[in-house]
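What follows is a short report on a single structure.
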Amino acid sequence: MPRQPRIDIEGALYHVLNRGIRKERIFRKSCDYLEFIDCLRKAREKYSFSLYCYVLMPNHFHILVERGQDSLSEIMKSVSIRYAVNYNRRYGRSGHLFQSRFQSIICDRESYFLQLVRYIHRNPVRAGLCSHPSGWKWSSYGNYTGCDGGLQVDTEQVLKALSTGQGTPAEDFRDFIEMDEDPDPEKVYPASGVPVAGDETFKAVVLKEKKLRRKTPESLRLPIYELADRFCRIYGVSSQELRSRGGKRRVSRGRAIFCYIASVCCGHKAVDIAQFLNNDHSAVSHAVSRIRKEDPRELIGGILRKI
0 MPRQPRIDIE GALYHVLNRG IRKERIFRKS CDYLEFIDCL RKAREKYSFS
50 LYCYVLMPNH FHILVERGQD SLSEIMKSVS IRYAVNYNRR YGRSGHLFQS
100 RFQSIICDRE SYFLQLVRYI HRNPVRAGLC SHPSGWKWSS YGNYTGCDGG
150 LQVDTEQVLK ALSTGQGTPA EDFRDFIEMD EDPDPEKVYP ASGVPVAGDE
200 TFKAVVLKEK KLRRKTPESL RLPIYELADR FCRIYGVSSQ ELRSRGGKRR
250 VSRGRAIFCY IASVCCGHKA VDIAQFLNND HSAVSHAVSR IRKEDPRELI
300 GGILRKI
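Under numbering that gives the first Met the number 0, the sequence shown has 101 at position 102, and the numbering climbs by one with no breaks.
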């Protein structure tokens, strides 16, 4: 039976994991963990993605990433192949190191983002490898608590979301991680066969977007300047308003809708949209994510028909 195509959406949040073939170890010594971290570091230098947290376990790993303009498959292929080649060479082995292609679960940011940050950092505790997340060296826990985490991760969004205004960011993070409850495993690992963690509405939106991306009409694949010109006429804003930062609420919302149409419906890369709008790549990705949470068909259907 052929493999199902991956749901690979720019700006989406992914819980990525993989384990060793036959559940064998993929990390034997400290140098192996450091090697994998270096592979992630090199991928960050080459590809566009945000890395929010990670944990490396003896026979598997978890990472939480937000996809940028580069495909998730391209990013993980770079990490996995580089690491497997070096690992096999180091230990004189051959053949597959990982049991399969990596698993990627697209997650509802609003419901799962912080829960996954806790779940991933508490993995070593659940596995009995340590009594507290701080006792496991091979994770991003140290990045959030002021210690050397070994690899730069994007902590700002997590710390901002956890801020209580009473303690330091590190204290707020530690208090959150030390909470007793963990997410329901059935929610972290969807049992339906569809690699989407979220409610039925979120799943429906993701699957519709996947279908929309595959079936984008040729007539909608417009140069970004022409697309913007048509959008401004239909939506009722000027090109200057569209390409400026801030502005009235309606203008700001129109800019987010334009980002979604340009990215999802017309296939433009976030970096190109950002350059056109005089904005940054992350702002475009978050704008697309905001529109994705609603029902894009209802929101943009009329605009698309006129374009």
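Heads up, the beta-carbon is just placed ideally off N, CA and C, and yes, glycines get one too.
On a predicted model such as this, the values are computed, not experimentally measured, just so you know.
Residue i versus residue j: straight-line alpha-carbon distance, rounded
i: L55; j: G141; result: 13 Å
i: R244; j: S284; result: 15 Å
i: K202; j: K22; result: 30 Å
i: R100; j: Y224; result: 38 Å
i: D69; j: L16; result: 18 Å
i: M75; j: G164; result: 37 Å
i: G300; j: F230; result: 13 Å
i: V204; j: E293; result: 8 Å
i: R291; j: L206; result: 11 Å
i: L303; j: R249; result: 18 Å
i: V84; j: A42; result: 15 Å
i: R254; j: C265; result: 15 Å
i: S34; j: D174; result: Going by the sequence as given, residue 34 is Glu instead of Ser. Taking the straight line from one Cα to the other gives about 31 Å.
i: I233; j: A160; result: 36 Å
i: E217; j: L113; result: Only weak support exists for where E217 lies, its pLDDT of 47 falling under 50; the value from the coordinates is given anyway. Between E217 and L113, the C-alpha separation is close to 39 Å.
i: Y82; j: C52; result: 19 Å
Whether residue i touches residue j by CB criterion (8 Å)
i: G149; j: I36; result: yes
i: I5; j: S103; result: Looking at the sequence shown, residue 5 is not Ile but Arg. Yes, these two residues count as a Cβ contact at 8 Å.
i: H280; j: S47; result: yes
i: E65; j: V287; result: no
i: H120; j: I176; result: yes
i: G197; j: D271; result: no
i: N58; j: I25; result: yes
i: D171; j: Y86; result: no
i: A227; j: S237; result: no
i: S77; j: D7; result: no
Range covered by the alpha helix (DSSP H) that runs through residue i
i: E65; result: No alpha helix (DSSP H) holds E65; the beta strand (DSSP E) holding it covers H59 to R66.
i: R88; result: L71 to Y90
i: P222; result: Careful: P222 lies outside any alpha helix (DSSP H) and carries neither H nor E.
i: V152; result: Counting along the chain, V152 falls outside any alpha helix (DSSP H), and DSSP gives it neither H nor E.
i: F257; result: R248 to Y259
i: I272; result: A269 to L276
Residue span of the beta strand (DSSP E) that contains residue i, given as start and end
i: I104; result: Q102 to C106
i: R291; result: No beta strand (DSSP E) contains R291, which is instead part of the alpha helix (DSSP H) from H280 to K292.
i: R18; result: L12 to R18
i: S49; result: F48 to L55
Identity of the residue in the options nearest residue i by Cα
i: A282; options: I256, L115 and Q98; result: I256
i: A261; options: L241, R249, R125 and K247; result: L241
i: E50; options: Y86, R88, V116 and C30; result: Looking at the sequence shown, residue 50 is not Glu but Leu. Nearest of Y86, R88, V116 and C30 to L50, Cα basis: V116.
i: D153; options: S162, L161 and Y143; result: Y143
i: I20; options: D7, F60, R88 and G134; result: F60
i: A11; options: R89, Q151 and R289; result: R289
Sheet register partners of residue i (DSSP bridge)
i: A203; result: The partner list for A203 (beta bridge, DSSP) is empty, contrary to what the question assumes.
i: A196; result: C106
i: S138; result: V54
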